[in-house]
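Everything below concerns the one structure shown next.
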Amino acid sequence: MIFDIGHLILLTAMALTAFGIVTGYLGGRWRNTRLIQSSFNVVYVVAALVFTATVILWYGLLTDAFQLSYVWNHSERALSPFYKFSALWGGQAGSLLFWCMILSAYSAVVAYVNRDRHRALMPYVNAALLTTSLFFLVLLVFAADPFKRVGFVPPDGQGLNPLLQNFWMILHPVMLYLGYVGMAVPFAFAVAALLSKRLDNEWVRTVRRWTLIPWMFLSAGILMGSQWAYMELGWGGYWAWDPVENASFLPWLTGTAFLHSIIIQEQRGILKTWNIVLIWLTYFLVILGTFTTRSGIIESVHSFARSDVGPYFLVYLVLILLGFLWLLFDRLPLLRGEHSIDSFTSREAAFLANNWLFAGIAFATLWGTFFPMFSELLTGQRISVAAPFFNQVNGPLFLLLLLLMGVAPLLGWRHTSLSAFRKQFTFPILAGVAVGLLVFLFARSFYPIIGLAICAFVVATIVQEYVRGVIARRTTTGENALAAVAGLWRRNGRRYGGYIVHLGIVMIGVAVIGNEFYQQSLSVTLARGESAQIGRYELVYDGMISERKSNRIEYHALLNAYNLDSGRRVGVITPQRNIYDKTPDMPTSEVGLHVTPFEDVYVVLNGWESGGASATFTIYINPLTLWMWIGGVVLVLGTLIAAWPHPTQRRSEVVRSLAYATGDD
Amino acid sequence: MHRIKYALPFLLVGALAFLAVLSPGNAEPAMAQAGAASSSTDTRVTQNSATANSVTPNEVNEVAKELWCPLCNGVRLDACELKACEQMRDMIAEQLAEGWNKEQIKNYFIEQYGPQVLGAPPLEGFNWLAWILPFVALAAGGVFLWRTMQRMVASPPQEATIPKEETLPSVTDAYSRRLEEELKRYG
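Quick mapping for you: the protein sequence lines, in order, are chains A and B. Take 36 as the starting number for the first sequence in this note's numbering and just add one per residue. Take 2 as the starting number for the second sequence in this note's numbering and just add one per residue.
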């Protein structure tokens, strides 16, 4: 009964959404306040409806309502409530509902926050956001109904995919969706700017924070996904360039390019067309990413669920493409730049190079991801495009990007004089060369030397910027160094928060270099009491224990780890295998880890014989991996500093909205 | 003209990086293999391959690392848990025991399963496109960008002729003030 109501709610929401698109568009065109108000109301009501539908599905999951096909397929009685709750995004229909719920929540917040601002844009923003909602509601009603019945009441469900029963798998999709879906907001503003012909910098200014926050969630989501892959898939790595990983990475690339290039538009009034194209591309890649994940068009380990939503996605993608191109070409004369670029050694030029590289990496990644499909269609030959391809094509580009990250902030707007050049670059270059030489002494291979030297260079530029900022503040205000740093963040969070984000990226870069070039591995079978040595560690196998949990049996192998340098025992490493009752042929792995700032000792339990008298392990030494997760935290903190509104900014926003309120509307 | 010379260091660094990066020898990540099983050398290999007794799983994985599971996408053979992949690893152990080298084994698997077992498209026929197109696109974008910038740099600065946008007094003021500050700092 209640689930029929759930279905009805989705139907109602769909009809209302269509109505809201019409009122938003016509209200914006005719400047009819009643129509505009009704588009706002639709946004709020749809958010409430979709949320209610989600709560009903949650209710079904938590109360084991196996008469629902979704609950039957993705849950079971023995599942802990925590995973029953998260089973909402464990399968297709549920995750589409979750998508839709986040989108409508975002829409409601955007509408509410801007209810008295951007009078010309908001009706179109509502209409654009509702259009995306409409697409997902159509999917939920016609192609992937989360409230579909089985026809009888099965005694127990089939269980959640064991790979998804992991802590990071709870957080990772939520973060990813918050980032993914959030990118629809800046896109909606871009569409609104095009439709209302208000193509000055207004929408760009508004959208900066609305891009920064989803960007932060997307970055955190990608990193948590890496963490999950690292802990759960047990192949010693964190990123496999799997099609679905790429699907989350592509909008990140274009979104990052967008975040940088809107700075140029704000400061110099150029790149207007390019910015609109970039945010459209980001939105397009988000929808494409959802499509590849959900349709299983490219086979991959992540394609847990697939069904007949594919054609709907294809139609919608074509519609976005054609509709957007038509709109863009129609408005092209209004998108002329106000200034030009004065010199190659200007920050503008460096930002352009940044966009060029980001776009290049995005293209290479997209091309590599879909190439197997083209190859099979055109030549009939099945090939795989995996890490070796992406590392070789994207690796050098990332290195250049990293270099640019250090160079760009040192250049002045418009152009850089020779004396400024010397003043800005001397210390960072020296630091880079010093670290390069240092690495050369220890390991003479080309890539790591260049990579780490560039990392040092970037860190030095950041330190230099901070030191100069702090000194400048101290001479004017006389405050101590810590207060001065806080002052920099408060007064100019965009810039100094941005540097913190860059610092986080460098940390991630260092971890990638460490793993890519200095990883060691060893496969070994040990009887109880035997030991294996890798790097400066010795591991002694100490037998196995098993533990019965609600829906699985866990097998733990115990390895005593000794550090040979210090001769001390550093702890017990316990790699683990879980065998689930419902899917005994799909044992999952939990790696055993000993984490230090220098390296992770990473142990996978491959198998065992005679109850654990002997066991086979793959042992990896993964240098510097910890810095990837620390870098992620730093990146999030930096983004928050950059996005935090500070007092003077808030005041200017009030002035701005007053200017609109008394303007020509 | 004199401004071009500031760009030279960038060009130099960029060109060097590219050259070094494209040189084939460096492309393969050097997976160091440092450790050795201290006491397991005399114990048995768990797999039931009688012929491959003397081959350690370590040696097998050294080869398997460079091959990819033909059934799943993006999973390396040394980490794949499918039965089929286990058999492929046993096969590698047997071939190693018979004295095959890495290249021979890889070629054998390419013959058996097609180029899918390689993690990247082989450099032949249609597959060239996979490798070439990203760089062609990048180069085309670069040339376009370069020429646009050249045109912009060559044309006289338009700042003076175009009136500043004055829609939002307070904000643009703040920005232009900051811009002026920066110009002073770098000019």
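Virtual Cβ for every residue (Gly too), placed ideally from N, Cα, C.
**Message:** Check this for me: beta carbons of A/A83 and A/L195, under 7 Å apart or not?
**Reply:** no
**Request:** Count the other C-beta atoms from every protein chain shown that fall within 10 angstroms of the C-beta of A/R112, then say buried if there are 16 or more, exposed otherwise.
**Result:** exposed
**Request:** Compare the beta carbon distance of B/L1 and B/C86 with 7 Å and say whether it is the shorter of the two.
**Result:** The structure shown does not extend to residue 1 of chain B, since chain B spans only 2 to 188, so no value can be given for it.
**Message:** For the beta strand (DSSP E) containing A/F652, name the first residue and the last one.
**Reply:** Segment S649 to P658, the beta strand (DSSP E) holding A/F652.
**Prompt:** Which residues of chain A have a Cβ atom closer than 9 Å to the Cβ of B/M89, listed in chain order?
**Reply:** Per Cβ cutoff of 9 Å: no residues; B/M89 is ~15 Å from chain A at best.
**Item:** Sub-7 Å separation of A/G324 and A/A255 beta-carbons
**Value:** no
**Asked** Would the stretch 355-374 of chain A and the stretch 260-276 of chain A be scored as touching if the rule is three or more Cβ pairs under 8 Å?
**Response** In short, these stretches do not touch, since the Cβ pair count stays below three.
**Item:** 7 Å CB neighbourhood of A/S104 in its chain, flanking five on each side removed
**Value:** Result list for A/S104: K183, R184 and V185, in chain order.
**Pick from A/L230, A/M579 and A/P423 that is closest to A/F364, judged by C-alpha positions** = A/L230
**Prompt:** Taking only beta-carbon atoms, is A/G395 less than 7 Å away from chain B?
**Reply:** Yes, its Cβ sits closer than 7 Å to a Cβ of chain B.
**Message:** Looking only at its chain, what residues have a beta carbon closer than 6 Å to the beta carbon of B/P123, apart from the 5 residues adjacent to it on each side?
**Reply:** P116
**Request:** For A/N429, collect the residues of the same chain with a Cβ closer than 8 Å to its Cβ; drop the 5 residues on either side in sequence, then sort them by chain order.
**Result:** I396, A399 and T400
**Asked** Where does A/G467 sit, in a helix, a strand or coil, going by DSSP?
**Response** helix
**Asked** Is the distance from the Cβ of A/I656 to the Cβ of A/I535 below 7 Å?
**Response** no
**Asked** List, in order along the chain, the chain A residues whose C-beta lies closer than 8 Å to that of B/W69?
**Response** S419 and A421
**Asked** At a CB-CB cut-off below 8 Å, which residues of chain A make contact with B/Q117?
**Response** Those are R417, I418 and S419, listed as they occur along chain A.
**Item:** Any C-beta of chain B under 7 Å from that of A/F339
**Value:** The pLDDT assigned to A/F339 is 42, lower than 50, so where the model puts this residue is not dependable; a value taken from the coordinates is nonetheless given after this. It does not: the Cβ of A/F339 has no partner Cβ on chain B nearer than 7 Å.
**Prompt:** If you measure beta-carbon to beta-carbon, which residues of the stretch 373-393 of chain A are closer than 7 Å to chain B?
**Reply:** E373, H374, S375, I376, D377, S378, F379, T380, A384, L387 and W391
**Request:** Counting only runs of 4+ residues fully inside the stretch 389-432 of chain A, write out the alpha helix (DSSP H) ranges in chain order.
**Result:** none
**Item:** Any beta strand (DSSP E) of 3 or more consecutive residues that is wholly inside the stretch 154-223 of chain A
**Value:** none
**Request:** Take B/F127 as the anchor and find which of A/L349, A/G271, A/A227 and A/R417 has the nearest alpha-carbon.
**Result:** A/R417
**Request:** Consider the Cβ of A/F398: report whether some Cβ of chain B lies at a distance smaller than 7 Å.
**Result:** yes
**Message:** For B/G100, tell me which candidate among B/S55, B/R152 and B/E82 has the shortest Cα-Cα distance.
**Reply:** Of B/S55, B/R152 and B/E82, the residue nearest in Cα terms is B/S55.
**Request:** Using a Cβ-Cβ cut-off of 7 Å, state whether A/A275 counts as contacting chain B.
**Result:** yes
**Request:** Determine which residues of the stretch 123-135 of chain B have a Cβ less than 7 Å from any Cβ of chain A, and write them out in chain order.
**Result:** F127, N128, A131, L134 and P135
**Segments assigned alpha helix (DSSP H), at least 4 residues, entirely inside the stretch 232-305 of chain A** = 237-267 and 278-303
**A/G486 versus B/P135: straight-line alpha-carbon distance, rounded** = 22 Å
**Request:** Would you be able to state if there are at least three C-beta pairs under 8 Å between the stretch 519-530 of chain A and the stretch 638-657 of chain A?
**Result:** no
**Asked** Got a sec: is the Cβ-Cβ distance from B/N62 to anything in chain A below 7 Å?
**Response** Judged by the 7 Å Cβ criterion, B/N62 is in contact with chain A.
**Message:** Against B/R77, what residues of chain A qualify as contacts under a CB-to-CB distance less than 7 Å, listed in chain order?
**Reply:** Chain order gives the chain A residues near B/R77 as W270, where near means a beta carbon separation below 7 Å.
**Message:** Let me check understanding here. Comparing Cα to Cα, which of A/R612, A/A567 and A/F222 lies closest to A/Y703?
**Reply:** What is shown of chain A runs 36 to 700, which leaves residue 703 of chain A out entirely.
**Request:** Determine the burial state of B/Q105: buried for a count of at least 16 other Cβ atoms within 10 Å of its Cβ, exposed for fewer.
**Result:** exposed
**Prompt:** Secondary structure at A/W448, three-state DSSP: helix, strand or coil?
**Reply:** coil
**Asked** In chain order, what residues of the same chain lie with their CB nearer than 7 Å to the CB of A/G41, ignoring the 5 residues before and after it?
**Response** A88, I91, L92 and F182
**Asked** Residues of chain B with a CB under 8 Å from the CB of A/L487: which are they?
**Response** Those do not exist, as A/L487 stays about 14 Å from chain B at its closest Cβ, beyond 8 Å.
**Prompt:** What did DSSP end up calling A/G372 once you bin it into helix, strand or coil?
**Reply:** coil
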